[in-house]
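S.K.:
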Amino acid sequence: MSDAGTTFTPATLRARILHEDEDVFIIDKPAGLAVHKAGRITDHLDLYLPFLAEGDGTPPRLAHRLDRDTAGCLVLGRSLWALKRLGDMFAAGHVEKTYWAVSEGIPEAAEGVIDYPLLKLLIPGAWNIVTHPTGQPAVTEYKVLGTGNGRAWLELRPRTGRTHQLRVHSAAIGCPLVGEPYYGPVRVPPGNLHLLARSVTFTMAFDRKPVTAVAPPPPHMRDALTACGWTEQSGT
408 MSDAGTTFTP ATLRARILHE DEDVFIIDKP AGLAVHKAGR ITDHLDLYLP FLAEGDGTPP
468 RLAHRLDRDT AGCLVLGRSL WALKRLGDMF AAGHVEKTYW AVSEGIPEAA EGVIDYPLLK
528 LLIPGAWNIV THPTGQPAVT EYKVLGTGNG RAWLELRPRT GRTHQLRVHS AAIGCPLVGE
588 PYYGPVRVPP GNLHLLARSV TFTMAFDRKP VTAVAPPPPH MRDALTACGW TEQSGT
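Each residue of the sequence shown is one higher than the last, beginning at 408 in my numbering.
(1) Considering only their Cβ atoms, is the gap separating R605 from Y506 smaller than 7 Å?
(2) Please specify which runs of the alpha helix (DSSP H), each continuous and at least 4 residues long, are wholly inside the region 564–603, giving them in chain order.
(3) DSSP puts V502 in a beta bridge; with which residues?
(4) With distances taken from CA atoms, which of T638, P617, R615 is nearest P624?
(5) My guess is that L602 and A508 are in contact by the Cβ rule of under 8 Å, so how many angstroms apart are they, rounded?
(6) Assuming G484 and L493 form a contact by the criterion Cβ under 8 Å, report the distance between their Cβ atoms to the nearest whole angstrom.
(7) Going by DSSP, name the residue or residues bridged to N535.
(8) Starting from L420, trace the alpha helix (DSSP H) both ways and give me its first and last residue.
(9) Between which two residues does the alpha helix (DSSP H) harbouring L632 extend?
(10) Suppose you measure from the CA of D435 to the CA of P466; what does that come to, to the nearest Å?
(11) I'd like the list of long-range same chain contacts for K527, defined as Cβ closer than 7 Å, with 5 residues on each side in sequence excluded.
(12) Let me check one thing: in DSSP terms, what residues is L478 bridge-paired to?
(13) Counting along the chain, where does the beta strand (DSSP E) carrying F432 start and finish?
(14) Out of V431, G500, C582, state which residue places its alpha-carbon closest to the alpha-carbon of R468.
(15) Just to confirm the assignment, what range does the beta strand (DSSP E) spanning Y549 have?
(16) Are the beta-carbon atoms belonging to E518 and K550 less than 7 Å from one another?
(17) Suppose you measure from the CA of I521 to the CA of H576; what does that come to, to the nearest Å?
(18) With DSSP run on the structure shown, which of helix, strand or coil describes G484?
(19) Which residue from R447, E548, R574 puts its Cα closest to that of P565?
(20) Check D614 in the structure and name its three-state DSSP category.
(21) Considering H451, what are the terminal residues of the beta strand (DSSP E) in which it resides?
(22) With a cut-off of 8 Å on the beta carbons, I'd call A545 and L525 a contact; round off their distance for me.
(23) Mind checking who V509 pairs with in its DSSP beta bridge?
(24) If you drop the 5 nearest sequence neighbours on each side, which residues of the same chain put their C-beta closer than 6 Å to that of Y590?
(25) Given this structure, state the Cα-to-Cα distance separating C635 from L552, to the nearest angstrom.
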């Protein structure tokens, strides 16, 4: 049983595949499932990747990371070449990533750019991310797609890939994400973060067609999104 409450079998994991070709899998990672072992985490996606092994029995490997409580598009490489290529593209910003989120509070401007450097603070037994002039450059584009009940449905496009970037940047403009356990005004139990890796787009080589995958909103985000104007039929 995963932390996300899903029992993974080869069939249930394959049902979460959003895109598959000779180089990559893109899967819809459930919120609450860590991608790899860390600290006291004993249940994680790495345990289940052998279910996707074919041919010589080698499973795909993570091409990037998503936070444990973030749902949505996760890219896996199926060969050493694919992993190297994907790693280079993610590092260079050549993978177009779009996230959906629901925030507590509505940004003053309907769209804009959040440009706050981020610094990782280490404390005994833990760490935290803060905005700080001496931190690493971090840039996020945002757009308000809808509002309701004092909340905003946000489209977020990170132009850099810093740890917890979207979560810290949203809080920095006064709009922490719904369910945010660490960067909101008060500490809340983890497990209800309203953040979805909605889509990814990239091209593996000049002679290949672009790869695009889109993840559906997870169950725990649907009510909040609906209150902000999202519908199943909208196609957005």
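We treat Cβ as the ideally placed atom computed from N, Cα and C, and that holds for glycine.
Predicted model, so just to flag it, every value in this text is computed and none were measured.
M.R.: Inspection of the coordinates gives the following:
(1) yes
(2) 572–579
(3) Beta-bridge pairing links V502 to no other residue.
(4) T638
(5) 5 Å
(6) 5 Å
(7) L528
(8) 417–421
(9) 626–634
(10) 17 Å
(11) W534, I536, T570
(12) For the record, residue 478 in the displayed sequence is Ala; it is not Leu. Paired residues: L603.
(13) 431–436
(14) V431
(15) 546–555
(16) yes
(17) 7 Å
(18) strand
(19) E548
(20) coil
(21) Segment: none, H451 is in no beta strand (DSSP E) and carries neither H nor E.
(22) 5 Å
(23) W560
(24) R574, V575, A578, P583
(25) 8 Å
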